[in-house]
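Q:
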Amino acid sequence: MKMYSFTVAVAALFLLNQQQDAQNIIKKVEKNRHSDNKYVVSTMIIHGRRAVRKIKAKSWIKGEEKSFTEYISPARERGTKMLKIKDNLWMYSPSSDRIIRISGNMLRQSLMGSDLTYEDMMEDPVISSHYSSVILGDTIITNRKCWKIKLKARTEDVSYKKRIILVDKERFVILQDERYAKSGTLLRKVSVKKMEFIQGKWIATHIIFKDMLKRGKGTEFIINEIKYNVKIPSYRFSKSSLKR
Amino acid sequence: MIKFILKGLLRDRSKFLFPVLTVFSGVMLTVFLYSWMNGVMTEIIRTTAHFQTGHVKITTRAYAKEEAQIPNDLALTDVDSLLTSVRLQFPDIYWVPRIRFSGLIDVPDEKGETKKQAPVFGIAVDLTGKNETENKILDIENKIVSGRMAVKPFDILVSTLLVEKLGITVGDNITLISTTMNGSLVMWNFIVAGTVNFGISGLDKSFIIADFSGMQKALDMENCAGEILGFFKNDLYQKEKSSEIALAFNSNYNDKNNEFSPVMTTLYNQNDLSSIIDMASKFTGIIAFIFIGAMSVVLWNSGLLSGLRRYGEFGVRLAMGETKKHIYGSLILESLITGIIGSVIGTIAGLAIGYYLEYKGINMASMFKNATLTVDNVIRADVTIYSYFIGFIPGICATILGSAISGINIFKRNTSQLFKELEA
């Protein structure tokens, strides 16, 4: 009996230690990712069933809660703008000259036909506030040593109830992210193809998003330009700036 | 002989009245039920063809597989040349391109902010072109309740219930939020040109009709269409003919590995309509069989009673030297005459009810309130050439069968016992 109690206590301590380690890793990932203000020029290459489309956008991001994106090409999408403030997302379309709040089922629609949804865009990137984490082991991906960490949703308001992430042991960048539904179905897979050291931070500059329920070869997300700690005027994050 | 039997029948009401009344009721019900069910089936097939399937439909192979999801990203491309080609190859068919779509209608307030939203589904058909085919097929002009027909590419017709729900009126600007052929979210402004009521519960709740060229532009589908529908010019579905057309078309596009190559599907092979069509074709037989069975039992019973009553008559006829076979034959002939008279009167009555319901119809809107089936709320009977004949099958068969079974007793009579029986 004593032996049994001892074994249980050791196992519990081990698990607690593993959880603490995982939380520390996640915090380091978030610290590496966080910036007060940033400006990003990106290209989405959508490999659809029929054709490949390139969509270019400029984004201004303030902390984790505010972002403003303007699509600059192709011609059909040029001038489309999106504003995210906390849990709200507004979209401006030049064809209708209207600003419409994206909510409900619309959030689950594909973002510009890509493998991402508006909900993915809305999701709070601070993992530690929504998920509990535990290290599953070590692994190697694209010649990088990684921790394999399981994330389990602590709150109901997240799109993915379980995630398995691979975190680079040296650079604290998530190199692979498998996102699961409550039923255990793999919904989305995110893989990092390229990392770059920019302004003192390691960031993923070439990412593949794959909607596992959709046919096609996924969506490439390429960061063409990124600037940290840029000055962003406050009007940028207002609804009136959508029509400017 | 027939004159003799006829006189006998007319002079003896018990021999005539009950069997004729039985046949009359059965035949009347057969004719009416056949015409009614025929109307229901025809209506389901007609409306489904008009709004969803056509008599034949061309889509891409990939679209056909995922059709329920309205996958406009898998739509047909280079539609203009495809239309020219099918119009040349099959000139007896009306060919019309369409786009089905779903999304949200967003109604702005004075400041352009969202006032109200509602989910919608709709079809884009050629409303502004010179071709009047779609107007004829869908009878759009006659279904307009207020406002006018769409004359510009971004005019839209909205179902009356949706107009009420959104609180909009003719002339208002509304925004459709949907997805383009590339999967991008699109917001496009339309003007409410008119309100329509198709009298189909499944449609009238949240249906819109847009112009094809306008919707092509809105959904980034230049020279593309979700589907091309084909309709026989008499608007009647012809199963064999449509299969021949589909076979001829598909033999030109037999690259099964190309999921974007066009494929033609007949109405029979869409939306599980095969079971309805098969049932409709078997329905004549089913009705005739049920009524033959039911009436035979009634007439057999009446024949038995009549046989008991006419026990003496048959005895005398046998004693006078008439053969059993002859008596049995005359009994069958009597029933044939009864059957014909009952069938004629029953058919006239059944046709009268059928024609009345074909003209008037029955409004079944309350039954279809939550139905998703595309069928007109007013169901009408459909009197066809078969309605004139179908009643004669159970009418004559049942009377002959009833008499044939009950008349078997004649052969059980023993000639040596006849006088004893007659004395008694």
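Residue numbers (the numbering used here), protein chains in the order written: chain A, 103 to 346; chain B, 1165 to 1588.
All residues carry an ideal CB built from backbone N, CA and C; glycine is no exception.
1. Which class does K254/A belong to by DSSP, given the choice of helix, strand or coil?
2. Give the straight-line distance between the Cα atoms of I1332/B and D217/A, rounded to the nearest whole angstrom.
3. Measuring CA to CA, which of G1190/B, T1211/B, L1197/B and D1436/B is closest to Y1519/B?
4. What separation, rounded to the nearest whole angstrom, lies between the Cα atoms of T1487/B and S1460/B?
5. Is there a C-beta anywhere in chain A that falls below 9 Å from the one on D1242/B?
6. State the start and end residues of the unbroken beta strand (DSSP E) segment that holds K186/A.
7. V154/A: buried (16+ other C-beta within 10 angstroms of its C-beta) or exposed?
8. Less than 9 Å between CB atoms is the rule here; does L238/A satisfy it with respect to chain E?
9. Going along chain A, which residues have a C-beta under 7 Å from F1265/B?
10. By Cβ distance, which residues of its chain are closer than 7 Å to E1423/B, with the 5 residues on each side in sequence left out?
11. Express the C-alpha separation of N1398/B and I1441/B in angstroms, rounding to a whole number.
12. Starting from the C-beta of K333/A, find all residues in its chain whose C-beta is less than 8 Å away, skip the five residues before and the five after it, and write them out in chain order.
13. With a CB to CB cut of under 6 Å and the five nearest residues on each side skipped, what residues in its chain are close to D1375/B?
14. Give the straight-line distance between the Cα atoms of I310/A and E167/A, rounded to the nearest whole angstrom.
15. Report the three-state DSSP secondary structure of F274/A (helix, strand or coil).
16. Cβ closer than 8 Å: which chain B residues qualify as neighbours of M208/A?
17. Does the separation of the CB atoms of D1546/B and N1202/B fall below 9 Å?
18. Taking Cβ positions only, does L1238/B come closer than 9 Å to chain A?
19. Would I1456/B and P1558/B qualify as a contact pair, given that the criterion is a beta-carbon distance under 9 Å?
20. Do the CB positions of R1544/B and E1207/B come within less than 9 Å of each other?
21. I'd like the span of the beta strand (DSSP E) that includes L289/A, first residue to last.
22. Does R155/A get closer than 9 Å to chain B when you measure Cβ to Cβ?
23. Among the residues of its own chain, which have a CB less than 6 Å from the CB of I229/A, if the five just before and after it don't count?
24. List the residues of chain B that R203/A touches, going by C-beta distances under 8 Å, in chain order.
25. Kindly indicate which residue of A177/A, S343/A, I148/A and R135/A has the alpha-carbon position closest to the one of T321/A.
26. Could you check where the beta strand (DSSP E) with R152/A kicks off and where it finishes?
27. Ordered along the chain, which non-local residues of its own chain (more than five positions away) have a Cβ less than 6 Å from that of E1298/B?
28. Using a Cβ-Cβ distance cut-off of 9 Å, determine whether M314/A contacts chain B.
29. Could you spell out where the beta strand (DSSP E) holding T1428/B opens and where it closes?
30. Could one say the Cβ of W1352/B lies closer than 9 Å to chain A's Cβ atoms, at least one of them?
31. Examine chain A for any beta-carbon lying closer than 9 Å to the beta-carbon of T1344/B, and answer yes or no.
32. With distances taken from CA atoms, which of G1366/B, L1431/B, L1515/B and L1463/B is nearest G1286/B?
33. Can you check which of these residues, T182/A, M193/A and R135/A, is closest to I202/A by C-alpha distance?
34. When you check each C-beta in the region 1413 to 1438 of chain B against every C-beta of chain A, which residues fall closer than 9 Å?
35. Cutting at 7 Å between CB atoms, please list the residues of its own chain near I174/A, excluding the five before and the five after it.
36. Which residues in chain B sit within 7 Å of E179/A, going by Cβ to Cβ distance?
A: Let me lay it out:
1. strand
2. 36 Å
3. L1197/B
4. 26 Å
5. no
6. K183 to I187
7. exposed
8. The chain labelled as chain E is not found among the protein chains of the depicted structure, namely A and B.
9. Residues of chain A with a Cβ closer than 7 Å to the Cβ of F1265/B do not exist, since the nearest Cβ in that chain sits about 14 Å away.
10. Within the same chain, E1423/B has close Cβ partners T1224, R1225 and A1226.
11. 18 Å
12. The answer, listed in chain order, is N139.
13. L1291, T1292, A1314 and P1317
14. 24 Å
15. When DSSP states are grouped into helix, strand and coil, F274/A belongs to the coil group.
16. L1268, I1341 and L1349
17. Closer than 9 Å, so yes.
18. yes
19. In contact: I1456/B and P1558/B (Cβ atoms closer than 9 Å).
20. yes
21. For L289/A, the enclosing beta strand (DSSP E) covers residues L288 to I300.
22. yes
23. Excluding five sequence positions before and after I229/A, the CB atoms of its chain that fall closer than 6 Å to its own CB belong to I128, given in chain order.
24. T1278
25. I148/A
26. Neither: R152/A is in no beta strand (DSSP E) and is coded neither H nor E.
27. V1260, V1289 and D1290
28. no
29. The amino acid occupying residue 1428/B in the given sequence is Met; Thr does not appear at that position. Per DSSP, M1428/B belongs to the beta strand (DSSP E) from P1426 to T1430.
30. yes
31. For T1344/B, the answer is yes, since a Cβ of chain A falls inside 9 Å of its Cβ.
32. G1366/B
33. Per the Cα distances, M193/A.
34. E1423 and F1424
35. Correct list, in chain order: K158, A159, K160 and R180.
36. Going along chain B in sequence order, the residues near E179/A (Cβ under 7 Å) are S1348.
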